[in-house]
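Enquirer:
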Amino acid sequence: MSRERVAAVADIPAGEVRVVECGGRSLALSNIEGELFAIDNVCTHDGGPLGEGRLRQDRVICPRHGAAFDARTGRALTLPAVRGVGAYDVLIEDGAAWVECAGASA
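According to our numbering, the residues represented by the sequence shown are 24 to 129, in order.
1) Let's test the definition: count the other Cβ atoms within 10 Å of the Cβ of A110 and tell me whether it reaches 16, buried, or not, exposed.
2) If you reduce the DSSP assignment to three classes, tell me which class D81 lands in.
3) Tell me which residues share the same chain as R77 and place their Cβ nearer than 8 Å to its Cβ, disregarding the 5 neighbours each side in the sequence.
4) Please report how far the alpha carbon of C45 lies from the alpha carbon of G74, in whole angstroms.
5) Rounded to whole angstroms, what is the Cα-Cα separation between R28 and P103?
6) On a Cα-Cα basis, can you pick out the residue from N54, S25 and G118 that is closest to P36?
7) Are I62 and A90 closer than 8 Å when you measure CB to CB?
8) How about A125 and L59: are their beta carbons less than 8 Å apart?
9) Among the residues of its own chain, which have a CB less than 8 Å from the CB of R98, if the five just before and after it don't count?
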């Protein structure tokens, strides 16, 4: 699998979500109490950019219609989304976040 550096850990403050690119994919990278998680950056309801939404505890909230996704697993938690998104392994090394770009777990 290809691992790619996607961000400096310092660029993703605790309680925030940001859009990053990995292997040609757009991902939403979340910092939950100092631990980083990556999911696909596309709401399954209408394609909204999850990484431009808000992080509430461990939920990424889509900025368009408020669908919530588990930031750790990508599971859809609230309507209007009914399908989850892919989740990716994140490794922290030397102050950088690295993601296994090809290995989404759905």
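Even glycine gets a Cβ: it sits at the ideal position worked out from N, Cα and C.
Expert: Inspection of the coordinates gives the following:
1) Taking the first residue of the sequence shown as 1, we reach residue 110 at position 87. Buried.
2) Along the sequence shown, read from residue 1 onward, the residue named residue 81 stands at position 58. It is coil, neither helix nor strand.
3) Indexing the sequence shown from 1 puts residue 77 at position 54. Only V40, V83, I84 and P86 meet the Cβ criterion.
4) Against the sequence shown, residue 45 aligns to sequence position 22. Against the sequence shown, residue 74 aligns to sequence position 51. The straight-line gap from Cα to Cα measures roughly 13 Å.
5) Residue numbering aside, residue 28 sits at position 5 when the sequence shown is read from its first letter. Residue numbering aside, residue 103 sits at position 80 when the sequence shown is read from its first letter. The straight-line gap from Cα to Cα measures roughly 32 Å.
6) The residue given as residue 36 occupies position 13 in the sequence shown. The shortest C-alpha separation from P36 is found at N54.
7) Here the question's residue 62 lines up with position 39 in the sequence shown. Here the question's residue 90 lines up with position 67 in the sequence shown. Not a contact, by the Cβ cut-off of 8 Å.
8) Your numbering for residue 125 matches position 102 in the sequence shown. Your numbering for residue 59 matches position 36 in the sequence shown. Their beta carbons are not under 8 Å apart, which means A125 does not touch L59 by this criterion.
9) Taking the sequence shown and counting its residues from 1, one reaches residue 98 at position 75. Excluding positions up to five away in sequence, the list reads F92 and G107.
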